[in-house]
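To start, the structure itself, in structure tokens.
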Amino acid sequence: MNIAVTGDDLVVVRDVGKTFSEAGGLVFGRSQPSVRAVDGASFEVKRGETLALVGESGCGKSTLGRLLLRLIDASEGEIAIDGVDILRLSSNDMRQMRARVQMIFQDPYGSLSPRRSVAKIIAEPLEIFGLVQTRKQRRDRVAELMIQVGLSPTFMDRYPRQFSGGQRQRIGIARAIAVDPQFIVADEPVSALDVSVQAQIVNLMQDLQKSRGFSYLFIAHDLSVVRHIADRVAVMYLGRIVEIGPKKRIYDFPSHPYTQALLSAVPEPDPETRKSRIILKGDVPSPANVPTGCSFHTRCPIVQPVCRTERPPLVETASRHLAACHFAKPHPIPL
Amino acid sequence: MTIAPSLSRQQPVSSTHPGPLLKVEDLSIEFGPEGTAVRVVEGVSFSIDAGAAVGIVGESGSGKSMTSLAVMGLIPSPPGRIATGRILFEGVDLLGLPRSRMPEIRGRDIAMIFQEPMSSLNPVMTIGDQIGEAIKLHEKMGREERRQRIIELLKLVGIPDPERRLGAYPHQFSGGMRQRVMIAMAVACNPKLLIADEPTTALDVTIQAQVLELMHKIRRTLNTTILLISHDLGVIADICERVIVMYAGKVVEDADVKTIFRSPKHPYTRGLLQSIPRLKDENTRLYQIPGMVPLPGTIKQGCPFFPRCPDRIDKCARETPPLLEITSQQKAACWVSAGATS
Ligand SMILES: Nc1ncnc2c1ncn2[C@@H]1O[C@H](COP(=O)(O)OP(=O)(O)OP(=O)(O)O)[C@@H](O)[C@H]1O
Ligand SMILES: Nc1ncnc2c1ncn2[C@@H]1O[C@H](COP(=O)(O)OP(=O)(O)OP(=O)(O)O)[C@@H](O)[C@H]1O
Ligand code: SF4
Ligand code: SF4
Ligand SMILES: [Mg+2]
Ligand SMILES: [Mg+2]
Chain A
0 MNIAVTGDDL VVVRDVGKTF SEAGGLVFGR SQPSVRAVDG ASFEVKRGET LALVGESGCG
60 KSTLGRLLLR LIDASEGEIA IDGVDILRLS SNDMRQMRAR VQMIFQDPYG SLSPRRSVAK
120 IIAEPLEIFG LVQTRKQRRD RVAELMIQVG LSPTFMDRYP RQFSGGQRQR IGIARAIAVD
180 PQFIVADEPV SALDVSVQAQ IVNLMQDLQK SRGFSYLFIA HDLSVVRHIA DRVAVMYLGR
240 IVEIGPKKRI YDFPSHPYTQ ALLSAVPEPD PETRKSRIIL KGDVPSPANV PTGCSFHTRC
300 PIVQPVCRTE RPPLVETASR HLAACHFAKP HPIPL
Chain B
0 MTIAPSLSRQ QPVSSTHPGP LLKVEDLSIE FGPEGTAVRV VEGVSFSIDA GAAVGIVGES
60 GSGKSMTSLA VMGLIPSPPG RIATGRILFE GVDLLGLPRS RMPEIRGRDI AMIFQEPMSS
120 LNPVMTIGDQ IGEAIKLHEK MGREERRQRI IELLKLVGIP DPERRLGAYP HQFSGGMRQR
180 VMIAMAVACN PKLLIADEPT TALDVTIQAQ VLELMHKIRR TLNTTILLIS HDLGVIADIC
240 ERVIVMYAGK VVEDADVKTI FRSPKHPYTR GLLQSIPRLK DENTRLYQIP GMVPLPGTIK
300 QGCPFFPRCP DRIDKCARET PPLLEITSQQ KAACWVSAGA TS
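Going down the list, the protein sequences come from chains A and B. With numbering that gives the first Met the number 0, letter number 314 in the first sequence gets 313, and the count goes up by one each step, no holes. With numbering that gives the first Met the number 0, letter number 286 in the second sequence gets 285, and the count goes up by one each step, no holes.
Structure representation (structure tokens):
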């Protein structure tokens, strides 16, 4: 089936879901319940835009990011990148597609091979896609990339452990932009970094986007960082997108009770405005046992009987602003 | 909710002491063999009055945890060592006490909550038994009385259905619930000082909001003095009245929270405040402090912030600024804020 693509949509996602139910998923002799990690995700990422994906631990952000790059296979749905239905690509064609999509990981410590020099790490994608032929070409291109991410090329032959967290994240970014991708999934790229280093990396990512024009799916749980980097924001809860819209709408007029609670829970670094928080009851339910109806109903402060039985669809509440709640109502949070 | 009398008891340990509850003076901590040791905390001084809530903020590696571990008598030694200083708790120097006295003080007078709730809980012991152990260390009481106390504590920290839950194991609890259990254990013997080292860093924002609410409640109901360590100024602004800013093992600023936010005096504090992304801020470009935090032991002379400081003067490269009083509410370790011009 073909997915209708408008000119400025780079990534189109339709009804994508992922259920983890490992065959042989027996742990200590007990069969593991299947986990619905992503459920019915539909959205677009436009060319040159940053779509932020936010939500609490375990809500499926990383899984969704990995699905978009086909690092794992979707259980159902369709994903098109630049008009190409990637779920139907042969593994050979998918290999070519990989030159156009890249990933940056949260953990700069764990995601870089410790026994390879920085030059080798950055050059790897260049070699896989045959973009450099000679040793000199390789070193020149690596040096160029290091300068672009603010690293001195004199460190090319050092190993990751000789770098700080922020520098390692720069190495990961250099590697991701080496092949000139159109789309980068950045999975919590600054979550493990200190505030002052975080600011440096966020600015670098924005500068690179401006000069290169690629799109980001920026996965984060810090809503303050997202406010600085995103054009649009999608909020996930238990595998589902519960609200999506332009950044300004999400922050000024959040419409889903979960988004409202998330925004109100952020402790503001300002003692003069101690805000009144919406404190949600209880914990996030297990994705192996998603509540019926609206999956947020066990914690929702405005829950009604209908919410327990009927699942609210994601519908437009204002132009390009969608929310999945029977009682969605734009509600400014005093930030 | 009301707190049963057993919990709000305040047993005097020493005679009522007139000065601050905790006074840290010129504390230095080093790691490694003597001679080549690296100072990771240097000349740290601060004090906390009974009933106050004070925060320590600083970036990774700035010495926050080591400072609090020193107060608990828990610096891993070797390789660590307290090189200089005194830690006065109710006027008594904890560093002068024989090591064997510390376990008695830990838990009863000073308790600590750690960042990683899972690694600090015993995986093969029920939640109830672990809290029971914490009580047994310092208080004699019968089985049933202890059970009641455990239930009270679990109620205090907001674990629903505590009668049933006390038989559960840590892995059956979520991260937020485990952190609540850690808090219950820490306040089990109603300590005078509660040190919380990044108590919410590993938690999701809605769960963090619950735990911060719980910290407020502990203060209100038990009147506990709090030392809160965090790299998140938002969390500190929420709980504390005063904040100590650490940079490269030193205290660079110490002021009440409102003053720090309104008029930070140390250039590092200013940079830190400017580089925090704000929820209400539309401005897309973040301020960035140039350069990197120096590795411990690499700055031998002068101000540790010198290589990154936008305000530096010649004197800063030569002489290390001490923590100087700017007003009665604010101290900063900076020559320029103290009025030097060359
Ligand atoms: N390979 C897998 N097998 C089974 N379950 C998985 C697998 N990967 C993820 N899950 C489950 O899917 C759910 C979503 O996980 P995911 O890592 O996508 O969450 P996340 O939103 O990225 O969380 P975090 O913020 O903690 O990174 C979780 O319940 C997780 O345990
Ligand atoms: N066993 C050790 N040997 C040598 N150095 C150590 C040891 N433990 C800690 N350090 C060093 O002591 C310094 C202070 O560490 P500390 O844990 O107090 O930092 P922190 O401010 O709590 O940082 P974080 O925010 O990352 O928890 C760090 O530079 C650290 O590398
Ligand atoms: S549908 Fe009902 S339970 Fe779900 S968010 Fe809306 S009001 Fe709350
Ligand atoms: S003492 Fe000098 S270098 Fe240090 S913070 Fe003050 S102005 Fe900057
Ligand atoms: Mg993730
Ligand atoms: Mg620490």
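Yeah, the Cβ is synthetic: ideal placement off N, Cα and C, and Gly gets one too.
Query	Result
Could you give the DSSP three-state label for residue 46 of chain B: helix, strand or coil?	strand
Taking the alpha carbon of residue 413 of chain A as the point to measure from, which residue in A:65, A:104 and A:258 has its own alpha carbon closest?	Nothing can be reported for residue 413 of chain A, as the shown portion of chain A is limited to 0 through 334.
So which residues put a beta carbon under 7 Å from any heavy atom of ligand 6, going in chain order?	B:63, B:64, B:114, B:196, B:197 and B:228
List the DSSP bridge partners of residue 171 of chain B.	Paired residues: none, contrary to the question.
Under the criterion of a Cβ to heavy atom distance below 7 Å, does residue 18 of chain A qualify as lining ligand 1?	no
How about the region 34-52 of chain A and the region 228-240 of chain A: do they share at least three Cβ pairs that are nearer than 8 Å?	yes
Going straight from the alpha carbon of residue 335 of chain B to that of residue 301 of chain B, what length do you get?	13 Å
Check residue 154 of chain A in the structure and name its three-state DSSP category.	helix
Leaving out the 5 sequence neighbours to the left and right, which residues in its chain are closer than 6 Å to residue 320 of chain B when beta-carbon positions are compared?	302, 332, 333 and 334
Against chain A, with Cβ distances strictly below 8 Å, would residue 326 of chain B count as a contact?	no
Which full runs of the alpha helix (DSSP H) of 4+ residues lie inside the region 239-302 of chain A, going along the chain?	246-251 and 256-264
Determine the DSSP secondary structure at residue 139 of chain A, reduced to helix, strand or coil.	helix
Who does residue 219 of chain A pair with in a DSSP beta bridge?	A:53
Identify, in the order they occur along the chain, each residue of the same chain with its Cβ nearer than 8 Å to the Cβ of residue 36 of chain B, setting aside the five sequence neighbours on each side.	29, 30, 80 and 82
If we ignore side chains and look at the alpha-carbon of each, how far apart do residue 186 of chain B and residue 172 of chain A end up?	45 Å
Counting C-beta neighbours from all protein chains within 10 Å, is the total for residue 189 of chain B 16 or more, i.e. buried, or is it exposed?	buried
Quick one: which unbroken alpha helix (DSSP H) runs of 4-plus residues sit fully inside the region 275-337 of chain B? Chain order, please.	313-317
Quick one: what's got a C-beta closer than 6 Å to residue 295 of chain A's C-beta in the same chain, skipping five residues either side?	236 and 257
Cβ closer than 8 Å: which chain B residues qualify as neighbours of residue 202 of chain A?	284, 285 and 287
Would the beta-carbon of residue 254 of chain A fall within 8 Å of that of residue 320 of chain A?	yes
Residues of the region 242-258 of chain B in Cβ contact with chain A at a cutoff of 8 Å, in chain order, please.	256 and 257
Would you say residue 332 of chain B reaches chain A, if we count a Cβ-Cβ gap shorter than 8 Å as a contact?	no
How should residue 264 of chain B be labelled, buried or exposed, when 16 other C-beta atoms within 10 angstroms of its C-beta is the threshold for buried?	buried
Where the beta carbon is closer than 5 Å to any heavy atom of ligand 3, which residues qualify, in chain order?	A:256, A:293, A:295, A:296, A:299, A:301, A:302, A:306, A:311, A:324, A:325 and A:326
At what residues does the alpha helix (DSSP H) containing residue 7 of chain A begin and finish?	Counting along the chain, residue 7 of chain A falls outside any alpha helix (DSSP H), and DSSP gives it neither H nor E.
State the DSSP-derived secondary structure class of residue 62 of chain A, mapped to helix, strand or coil.	helix
Just how far apart, CA to CA, sit residue 220 of chain A and residue 165 of chain B?	32 Å
Where does residue 205 of chain B land, buried or exposed, given buried means 16+ other C-beta within 10 angstroms?	buried
May I ask you to check if the CB of residue 76 of chain A is nearer than 7 Å to at least one heavy atom of ligand 2?	no
Given a threshold of 16 other Cβ atoms within 10 Å of its Cβ, counted over all protein chains shown, does residue 350 of chain A qualify as buried or as exposed?	Examination of residue 350 of chain A is not possible in this model, given that chain A is present from 0 through 334 alone.
Could one say the Cβ of residue 147 of chain A lies closer than 8 Å to chain B's Cβ atoms, at least one of them?	no
Here's the rule: buried if 16 or more other CB atoms are within 10 angstroms of the residue's CB, otherwise exposed. What is residue 314 of chain A?	exposed
Give the residues of chain A in contact with residue 260 of chain B, contact being defined as C-beta atoms less than 8 Å apart.	268, 269, 270 and 271
Determine the contact status of residue 61 of chain B and residue 296 of chain B, defining contact as a CB-CB distance below 8 Å.	no
Would you check if the distance between the CB atom of residue 38 of chain B and the CB atom of residue 27 of chain B is smaller than 8 Å?	yes
If you run the structure through DSSP and keep just helix, strand and coil, what is residue 204 of chain B?	helix
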